[in-house]
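Q:
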Amino acid sequence: TVVEPTPEEKAIAERNAQYKNVWVLVEQTEGIVAEVSWELLGEGRKLANKRGSEVCALIIGAGVRNICADAFHYGADKCYLIDNPVFKEYRTEPYFRACCDMIHKHKPEIVLMGATGLGRDLAGAVATELQTGLTADCTELDIDPKGNLMQTRPAFGGNIMATIMCDKFRPQMSTVRPKVMQLAPISENPKSEIIEETVDIPATSIMTKVLEIIREKKGSSDIDISSTEFIVAGGRGMMSKENFSILNELADELGAVVAGSRMAVDAGWVSHTRQVGQTGKTVRPVVYIAVGISGAIQHMVGMQDSDMIIAVNKDKDAPIFEVANYGIVGDLFEVVPAMTKKIREA
Ligand code: FAD
85 TVVEPTPEEK AIAERNAQYK NVWVLVEQTE GIVAEVSWEL LGEGRKLANK
135 RGSEVCALII GAGVRNICAD AFHYGADKCY LIDNPVFKEY RTEPYFRACC
185 DMIHKHKPEI VLMGATGLGR DLAGAVATEL QTGLTADCTE LDIDPKGNLM
235 QTRPAFGGNI MATIMCDKFR PQMSTVRPKV MQLAPISENP KSEIIEETVD
285 IPATSIMTKV LEIIREKKGS SDIDISSTEF IVAGGRGMMS KENFSILNEL
335 ADELGAVVAG SRMAVDAGWV SHTRQVGQTG KTVRPVVYIA VGISGAIQHM
385 VGMQDSDMII AVNKDKDAPI FEVANYGIVG DLFEVVPAMT KKIREA
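Residue numbers 85 to 430, in the UniProt record's numbering, belong to the letters of the sequence shown in order.
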């Protein structure tokens, strides 16, 4: 027997059918694009291929036309460009207005933003205005047989992965963690269609004004561990801040950056900008050395995609060994200095 759709289901299907294409917000600050935007264009391309649609870049800013060329390089079929001095610095209200107007006008089926400060701020406001769903902090995206977006993210403190769908509303919106999706550069993309758009933003609708931008001081703590090739990370097993000196020595030999588990960060041994994991950063270095880290799921979601993982732990049953390519069972206070010595001799 064929089950006829209810009038409500029919209305939803008709409304959803008006929405097409995957949009990626290309996030930029002073013309510098957040890497996650390029990662999302690569992911957006895969989703668009499955839907038989296009992946489009939404570029908002002041003097940002040149970004379109990069967007095409990373696989965009089209760029929607809103170039206006009002977008010089990020402020919620004008960006919100621009996004909502563009989505109303062009009806993308999927809208992706980075799970960055900007993306988290903007996506929530836009989804609320459009009365659609938003899945924040996704780590995996796919399309189900009915054409809906399947959005996977850690839930319940990272103990389970939840797959969330927004089948009744469009667009389907997700923010995606940086470094989770692979960059997919397309060297020869002949596309070059730039659609220039203007948005009417009444001055009265903007309630904030940027008075001054105070840049973070350049120093060792501001190294972005998510784009570092070698990481030596310490956990609670390090026992004290002073003991991190043995990790610093190893890191110096390798040209690596020292990072830590949340335990190490909470104890004040490592700066919070260097925390790896669910509530820290996702890293994908060439080599990740985990020292005195047990391998809690919330830590592993942030480093398990590293090319090579080396773990040092005195507990042979520590979960970190399940994802490690090389595991050394032993006392870190003996193993780490021995590793440093060996590298120095090499
Ligand atoms: P422990 O689990 O205490 O492990 C210490 C390890 O050191 C042990 O395996 C021990 O065998 C080993 N060890 C001790 N002494 C030695 C020695 N002398 N030689 C060798 N090995 C030794 N954690 C994160 O890391 N990042 C996150 O982003 C994060 N987000 C979280 C979000 C939520 C919502 C929650 C609930 C938790 C989160 N956590 C996060 C915390 C996480 O659950 C763990 O508590 C934490 O990762 C444990 O840190 P650790 O491995 O350093 O410490």
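Quick reminder that beta carbons are idealized off the backbone N, C-alpha and C, glycines included. Every value quoted in this text rests on a predicted model; they were computed, and no experiment measured them.
Using only CA atoms, which one of Val-283, Gly-318 and Ala-348 lies nearest to Met-186?
A: Looking at the Cα atoms, Val-283 is the closest of the given residues.
Q: Taking the C-alpha atoms as reference points, what is the distance between Val-354 and Ile-151?
A: Looking at the two C-alpha atoms, the distance is approximately 36 Å.
Q: On the DSSP bridge list, what partners appear for Lys-162?
A: DSSP, once it has assigned bridges, lists Cys-140 and Glu-277 as partnering Lys-162.
Q: How about Leu-109 and Ile-144: are their beta carbons less than 9 Å apart?
A: Going by C-beta atoms, Leu-109 is nearer than 9 Å to Ile-144.
Q: Phe-253 bridges to which residues according to DSSP?
A: Beta-bridge pairing links Phe-253 to no other residue.
Q: With a threshold of 16 other CB atoms inside 10 Å of the CB of His-383, please say whether the residue is buried or exposed.
A: The residue is buried, with at least 16 neighbouring Cβ atoms inside 10 Å.
Q: By DSSP, does Ala-422 sit in helix, in strand, or in coil?
A: Correct three-state label for Ala-422: helix.
Q: Return yes when the C-beta of Ala-340 is under 8 Å from any heavy atom of the ligand MN, and no when it is not.
A: Summarising the ligand content, the structure contains the ligand FAD and does not contain the ligand MN.
Q: Determine the burial state of Ala-101: buried for a count of at least 16 other Cβ atoms within 10 Å of its Cβ, exposed for fewer.
A: Result: exposed.
Q: May I have the straight-line CA-CA distance separating Asp-350 from Ala-402, to the nearest angstrom?
A: Spanning the two alpha carbons is a distance of roughly 21 Å.
Q: Report yes if the CB atom of Arg-358 is closer than 9 Å to the CB atom of Gly-379, and no otherwise.
A: Cβ distance not < 9 Å, so Arg-358 and Gly-379 don't count as in contact.
Q: Rounded to the nearest angstrom, what separates Thr-259 and Gly-364 at their Cα positions?
A: Distance between the alpha carbons of Thr-259 and Gly-364: 16 Å.
Q: Under 8 Å: does the beta carbon of Gly-411 sit that close to some heavy atom of the ligand FAD?
A: It does not: the Cβ of Gly-411 is nowhere closer than 8 Å to a heavy atom of the ligand FAD.
Q: Taking Met-322 as the reference, give the member of Ala-340, Arg-346 and Phe-405 with the closest Cα.
A: The option with the nearest alpha carbon to Met-322 is Arg-346.
Q: Pull up the CB-CB distance for Glu-281 and Ile-166, whole angstroms please, since I reckon it's below 8 Å.
A: Contact flag correct, Cβ pair sits at about 5 Å.
Q: Let's see if you can read the secondary structure: which residues bound the beta strand (DSSP E) around Glu-224?
A: Element bounds for Glu-224: 224-227.
Q: Tell me whether Pro-369 is buried or exposed, calling it buried when 16 or more other Cβ atoms sit within 10 Å of its Cβ.
A: So Pro-369 counts as buried.
Q: Assuming Met-347 is part of the alpha helix (DSSP H), what are its boundary residues?
A: Where Met-347 is concerned, the enclosing alpha helix (DSSP H) stretches over 346-350.
Q: Is it true that the CB of Ile-248 sits closer than 9 Å to the CB of Thr-219?
A: Yes, Cβ-Cβ distance for Thr-219 and Ile-248 is below 9 Å.
Q: For the candidate residues Met-291, Pro-169, Lys-275 and Lys-252, whose alpha-carbon lies nearest to that of Arg-99?
A: Closest option to Arg-99, Cα to Cα, is Lys-252.
Q: Look up Pro-369 in the DSSP assignment and say whether it is helix, strand or coil.
A: Here Pro-369 sits in coil by DSSP.
Q: Would the beta-carbon of Asp-399 be found less than 8 Å away from any heavy atom of the ligand FAD?
A: Yes, the ligand FAD has a heavy atom inside 8 Å of this Cβ.
Q: Short of 7 Å in beta carbon distance, which residues of its chain neighbour Gly-411, apart from the five on each side in sequence? Order them along the chain.
A: Cβ neighbours of Gly-411 beyond the five flanking positions: Ala-395 and Phe-405.
Q: Could you check if Val-170 is buried or exposed, using at least 16 other CB atoms within 10 Å of its CB as the buried criterion?
A: Classification of Val-170: buried, given that the 10 Å Cβ count is 16 or more.
Q: Can you check DSSP and say which residues form a bridge with Arg-428?
A: Arg-428 pairs with nothing; no bridge assigned.
Q: Would you identify the three-state DSSP class for Pro-89, choosing helix, strand or coil?
A: Three-state result, Pro-89: coil.
Q: In the DSSP assignment, the alpha helix (DSSP H) including residue 519 goes from what residue to what residue?
A: Coverage of the chain is limited to positions 85 through 430, which leaves residue 519 absent and any answer about it impossible.
Q: For Asp-415, count neighbouring C-beta atoms within 10 Å of its own C-beta (all shown protein chains included) and say buried if the count is 16 or more, exposed if not.
A: Classification of Asp-415: exposed, given that the 10 Å Cβ count is below 16.
Q: With 16 other CB atoms within 10 Å as the buried threshold, where does Ile-116 fall?
A: Exposed is the call here.
Q: Let me make sure I understand the geometry here. Which of Val-316, Cys-184, Pro-229 and Ile-194 has the alpha-carbon closest to that of Ala-209?
A: Comparing Cα positions, the closest option is Cys-184.
Q: Roughly how many angstroms separate the alpha carbons of Thr-200 and Ala-422, rounded to a whole number?
A: For Thr-200 and Ala-422, the distance between alpha carbons rounds to 39 Å.
Q: Can you tell me where the beta strand (DSSP E) holding Thr-247 begins and where it ends?
A: Segment 244-248, the beta strand (DSSP E) holding Thr-247.
Q: Does the Cβ of Pro-178 have 16 or more other Cβ atoms within 10 Å, making it buried, or fewer, making it exposed?
A: Looking at its Cβ environment, which holds 16 or more other Cβ atoms inside 10 Å, Pro-178 is buried.
Q: Measure the C-alpha to C-alpha separation of Leu-295 and Pro-238 and round it to an integer number of angstroms.
A: Their Cα atoms are separated by approximately 37 Å.
Q: Less than 9 Å between the C-beta atoms of Gly-318 and Ala-348, yes or no?
A: Yes, the pair counts as a contact, with Cβ atoms nearer than the cut-off.
Q: Tell me the DSSP bridge mates of Leu-109?
A: Answer is Leu-142.
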